[in-house]
Each structure stands twice: as structure tokens, then as C-alpha cells.
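Report on one structure; see the data block that follows.
Number of protein chains: 2
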Amino acid sequence: MDDSCCTPADGTAMTAGRAEEVAALLKALADPVRLRLVSLIASTAAGEACVCDLNEAFDLTQATVSHHLKVLHTAGVLDRDKRGVWAYYRVRPEALAAVADVFSSPALAGVRA
Amino acid sequence: MDDSCCTPADGTAMTAGRAEEVAALLKALADPVRLRLVSLIASTAAGEACVCDLNEAFDLTQATVSHHLKVLHTAGVLDRDKRGVWAYYRVRPEALAAVADVFSSPALAGVRA
DNA sequence: CGATCATATCGATGACTGTCGATACCGCCG
DNA sequence: CGGCGGTATCGACAGTCATCGATATGATCG
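Written as C-alpha cells, this is what we have:
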């Protein structure tokens with residue numbers, strides 16, 4: 001009867017609740033436009049970018065870019081700072097680090113060779 | 114006229130093409146069920162799991178679990194290995210490492226404090 | 001105050017996606 | 001060979017999402 005089929009999990013796996021959290025964060029980042037937005041903001045010398053610049057970087061409506069920024073902000077990836085007429089966004093490094101941690105953690109990446 | 118508003122990007126940002134690639138990978142992972150699937154498989158002693166186990170771990174139809182496995186396989190996150198009647202999936206560590214790398218890279222995470 | 005400009009919000013629309021039941025495919029066992 | 005059981009695929013449906021044009025909000029300038 002060899003091994004029926006199963007190699008049971010050892011309880012190390014991610015809980016359903018944590019999976020929901022991580023999925024929410026990933027969903028915010030799983031879009032080409034939003035990835036480029038984050039990348040653009042992160043690559044500025046000041047560590048922040050104003051919406052006027054971001055609008056011009058894409059072939060999209062101002063409404064659409066604003067929507068993407070809102071999604072990233074709601075997910076905790078970006079911080080908003082309105083100064084005068086202009087709005088500035090900056091990256092929250094903890095959010096990105098959280099993603100890096102999940103996929104560097106032995107529980108996931110540590111599939112021992 | 115102070116600083117009109119802009120802090121221009123320095124060309125370090127992610128290209129549109131790369132953003133598409135990364136987004137495709139993230140989209141495959143940005144789902145609670147799929148995250149748990151990957152986690153379950155990665156946490157097995159053998160580094161692989163058969164579909165019969167995975168089906169029982171969720172309150173979902175066998176068709177739905179199979180669909181999620183296909184998405185992960187197509188995205189390059191999982192390897193499939195059909196042995197006899199049973200199908201075994203294992204995690205491709207490179208795929209997860211790729212995600213970890215993107216979000217550890219100075220271009221994104223290196224927003225200096 | 002009124003005009004103007006930057007940004008956010010709203011409502012609509014077309015595309016995509018997670019889920020299901022049903023069914024097809026394919027090794028296996030008797 | 002015929003039936004059985006595990007897995008993948010198909011078609012449908014409901015919910016979500018990216019995008020847009022139009023409009024609201026709110027700060028600045030003349």
C-alpha cells in the first residue's frame with residue numbers, strides 16, 4: 001500500500017487569517033501601474049513624488065492615477081502628504097519589507113534542498 | 114516660484130516591461146487560497162504535496178482548488194509532477210526568491226530613512 | 001470675490017476572476 | 001475489459017476591478 005499518497009503538512013503553514021492579510025497587501029501591489037508608481041516614488045532623490053509628476057509618467061487619466069494612489073495608500077504602501085495645492089506621496093518601507101519577509105521566510109522559501 | 118513642485122525621478126525606476134512581469138507573478142500570489150496552498154506545500158516534510166491533501170485543506174470544490182493550482186503553475190510558482198493517479202505539486206523557490214528580491218532591492222525598499 | 005489650477009471623488013462600463021456543477025480524461029484494479 | 005477513483009477542463013454566473021468622463025473640493029492668485 002506504499003504511502004497511500006500523502007505527505008501531511010506539519011502545521012508550519014500560514015494561517016488563513018495571515019493569508020488574508022498578505023493577500024490584501026499583494027493585491028494592492030499586483031498591478032503594473034501601481035508597481036511603477038511605487039518604483040517611481042521610491043527612486044526619487046527626496047523619497048517622495050508629487051502627483052503632477054506621476055500623472056505625466058503614464059498614459060492614463062488623472063482620475064485613474066489618483067485611484068491607484070488611493071489603493072496603495074489604503075493598503076499602507078504609500079503615505080500621503082498634502083502641502084498647499086500639491087499632494088506628495090512617499091513609500092512606507094515597512095510595507096515593502098513585510099512582503100520581502102514573507103517570501104524570504106523559511107516557511108515558504110525554505111523548501112530545503 | 115520655489116520648486117514648482119517636482120522632485121524628478123532619476124531613471125532608477127522599474128521599466129514598464131519588468132513591472133508587467135512582476136505584476137503577473139504577484140497577481141498569481143495575491144489570493145488567500147493560493148497563498149495558503151503555496152504555504153502548505155512548502156511546509157511539507159517532502160517539499161511536495163498531493164492534490165488529495167490540498168483538496169481537504171479547504172472548504173472549496175475540487176475544481177476550484179485545481180484551478181488555483183493551475184494559476185500558480187502557469188505563473189511558475191509551482192511544479193507539477195503526476196505520478197500514477199496522483200498529482201504532486203512542489204514550490205519553485207526561484208519564484209518566491211524573485212519576489213523577495215524585488216522588495217528587498219534598494220530601488221524599491223532603499224528609501225533611505 | 002471670482003477665476004484657475006491641482007487633486008480627489010462619483011457613476012458607469014467593459015473586462016477579468018473566483019467559484020461552482022458537470023463532464024472529460026486517464027491510470028488502476030478486479 | 002469494464003468500472004472506479006483522482007484530477008483536469010468546460011461553461012456559467014456573480015462579484016470585483018481598471019478605466020474613463022464629469023464633477024466636486026479646496027488652495028492660490030489677481
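From first to last, the protein sequence lines stand for chains P and F. The first sequence begins at 1 in my numbering and counts up one residue at a time. The second sequence begins at 114 in my numbering and counts up one residue at a time. Here a beta-carbon is modelled for each residue, glycine too, at the ideal position from N, C-alpha and C.
So A176/F packs on L153/F, CB below 8 Å; how close in whole Å?
-> With 8 Å as the limit, A176/F and L153/F do not qualify as a contact, their Cβ atoms being about 18 Å apart.
Kindly give me the distance between the Cβ atoms of V190/F and R203/F, rounded to whole angstroms, as I take these residues to be in contact under 8 Å.
-> With a Cβ gap of about 10 Å, V190/F and R203/F do not count as contacting.
At a CB-CB cut-off below 7 Å, which residues of chain F make contact with S104/P?
-> A213
Measure the alpha-carbon distance for A188/F versus E207/F and round it to whole angstroms.
-> 12 Å
Same chain, Cβ closer than 6 Å to A98/P, neighbours up to 5 away in sequence not counted | none
Taking DSSP as the reference, what is the three-state secondary structure of D194/F?
-> strand
What first and last residue would you give for the alpha helix (DSSP H) that runs through A97/P?
-> 93 to 104
In angstroms, rounded to a whole number, what distance separates the CA positions of A113/P and L167/F?
-> Model confidence at A113/P stands at a pLDDT of 42, short of 50, so the residue's coordinates are unreliable; what they give is reported in the following sentence. Roughly 22 Å between the two C-alpha positions.
Boundaries (first-last residue) of the beta strand (DSSP E) holding T126/F = In the sequence under discussion, the amino acid at residue 126/F is Ala, which differs from the Thr named in the question. Here A126/F belongs to no beta strand (DSSP E), and DSSP marks it neither H nor E.
Look at S217/F and A100/P and say whether their C-beta atoms are less than 7 Å apart.
-> yes
Drop a sphere of 10 angstroms on the beta-carbon of A30/P, count the other beta-carbons inside from all chains shown, and report buried for 16 or more, exposed for fewer.
-> buried
E207/F at chain P interface by Cβ criterion, 7 Å = no
Among G160/F, V151/F, E134/F, the one whose alpha carbon lies nearest that of A16/P | V151/F
Express the C-alpha separation of Y88/P and A45/P in angstroms, rounding to a whole number.
-> 13 Å
State yes or no: is the beta carbon of K140/F nearer than 7 Å to at least one beta carbon in chain P?
-> yes
Are the C-beta atoms of D194/F and some chain P residue less than 7 Å apart?
-> no
Exposed unless 16 or more other CB atoms sit within 10 angstroms - verdict on R34/P | buried
Please list the residues of the region 166 to 188 of chain F that have a C-beta atom closer than 7 Å to any C-beta atom in chain P, keeping them in chain order.
-> D166
Answer yes or no: do V135/F and V184/F have a C-beta to C-beta separation smaller than 7 Å?
-> no
Separation of D192/F from G160/F, as counted between CA atoms | 11 Å
Secondary structure at A49/P, three-state DSSP: helix, strand or coil?
-> strand
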